[in-house]
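In the working numbering, the protein residues as written are 762 to 1059. Report on one structure; see the data block that follows.
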């Protein structure tokens, strides 16, 4: 949720009954602190932060988390053992995002309180194994549910998917793309409009030789795909990506030079509602599914 989930979105989600997360991966330390403090003013409800461990400012952001009294931290893209013990010593709950069973077990061994099992339907950076959420979640649940709860992520676009994830044994769901395309999201309007217009096949995984990344099929995606087909080296691809591509795409709406990270559920998105409306829809869909299942399963 880089360039998408700042204090406005996080506070709106928390105020509507979810757990809002500030996406720290696109923020400098000073900006990260600013968003935390603004979120505290905007909501009295719990909220957390997400810090990709590969982020160059991860250590500084962890210091800010402890200084500002944040109680919930989601980590991703790195070794969960790096900061988990330090955070837990301060009474902070830690969730870590995984893409396979081995990672889930290692995260639990390193002391995390929750694992987030994210299938490859998700937007942005993805696991190399390309395991779908439907297949990943029950396997992770079977592997670690006796030790920690499991949150399902990747392809959770409405209450029907939430019901399915809970049926697979997850204790909760994490939602990215649907909230990326809402009124409180800080994504550029071009990004949001492209998501509304997207069909079911308008995203794809690229950059598998580096970090598999799911993008909308924009001109920049086509350029990356062409480079890969021509046999571009990892260094050439790194050079291409090392130019603030996520900011240019998601935050600035630059079709030619920016990457538009988004999940497969973008094909389901037809409007740009408020975060509260999204949560209310999720709950209504979930209740409808539950009633239907109760009526057809004897």
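Ideal placement from N, C-alpha and C gives every residue a C-beta, glycine not left out.
- Annotation for residue 865: the continuous alpha helix (DSSP H) segment containing it runs 862-870.
- Note that the C-beta distance between residue 1011 and residue 1022 is below 9 angstroms.
- Between residue 818 and the set 939, 858, 987 and 785, the nearest pair of CA atoms involves 785.
- Under DSSP, residue 885 forms a beta bridge with 975.
- Per DSSP, the beta bridge partners of residue 854 are 833.
- With 16 or more other CB atoms across the displayed protein chains lying within 10 angstroms of its CB, residue 885 is buried.
- Counting every other CB atom within 10 Å of its CB across the protein chains shown gives residue 1058 a total below 16, marking it as exposed.
- Per the coordinates, the alpha-carbon of residue 895 lies some 20 angstroms from the alpha-carbon of residue 1048.
- Residue 934 and residue 762 have their alpha carbons spaced roughly 15 angstroms apart.
- Taking a contact to require three or more Cβ pairs closer than 8 angstroms, the region 844-851 and the region 987-1006 do not qualify as touching.
- When the five nearest sequence neighbours on each side are left out, the beta carbons in the same chain lying within less than 7 angstroms of the beta carbon of residue 803 are those of 768 and 772, in order along the chain.
- Here residue 815 is exposed, its C-beta having fewer than 16 other C-beta atoms within 10 Å.
- Rounded to the nearest angstrom, the gap between the Cα atoms of residue 841 and residue 1056 is 43 angstroms.
- Counting of Cβ neighbours within 10 angstroms places residue 929 among the buried residues, the total reaching 16 or more.
- Short of 8 angstroms from the beta carbon of residue 909, and not among the five residues preceding or following it, lie these beta carbons of its own chain, in chain order: 869, 873, 874, 875 and 876.
- Per DSSP, the unbroken beta strand (DSSP E) holding residue 784 starts and ends at 781-784.
- In this structure, residue 985 places its C-beta atom within 9 angstroms of the C-beta atom of residue 1020.
- A distance of 9 angstroms or more separates the beta carbons of residue 922 and residue 1051.
- Put simply, the backbone Cα of residue 812 is about 8 angstroms away from that of residue 822.
- In this structure, DSSP gives residue 809 an extended state, which the three-state scheme calls strand.
- By the Cβ test, the region 905-919 is in contact with the region 1028-1045, since at least three Cβ pairs between them sit closer than 8 angstroms.
- Across the structure, residue 998 and residue 975 are spaced so that their CA atoms are roughly 15 angstroms apart.
- DSSP places residue 948 in the coil class of the three-state scheme, outside both helix and strand.
- With contacts defined by Cβ atoms closer than 9 angstroms, residue 982 and residue 965 form a contacting pair.
- Looking at the backbone, the Cα of residue 1054 and that of residue 793 are separated by about 44 angstroms.
- DSSP places residue 924 in the uninterrupted alpha helix (DSSP H) bounded by 920-928.
- 9 angstroms or more divides the Cβ of residue 1006 from the Cβ of residue 787.
- Around the beta carbon of residue 971, fewer than 16 other beta carbons lie within 10 angstroms, which makes this residue exposed.
- In the DSSP annotation of this structure, the continuous segment of the alpha helix (DSSP H) that includes residue 894 starts and ends at 894-905.
- Taking all protein chains shown into account, residue 1035 has fewer than 16 neighbouring C-beta atoms within 10 Å of its C-beta and is therefore exposed.
- Residue 914 counts as buried, since at least 16 other C-beta atoms from the protein chains shown sit within 10 angstroms of its C-beta.
- Under the three-state reduction of DSSP output, residue 765 falls in the coil class, being neither helix nor strand.
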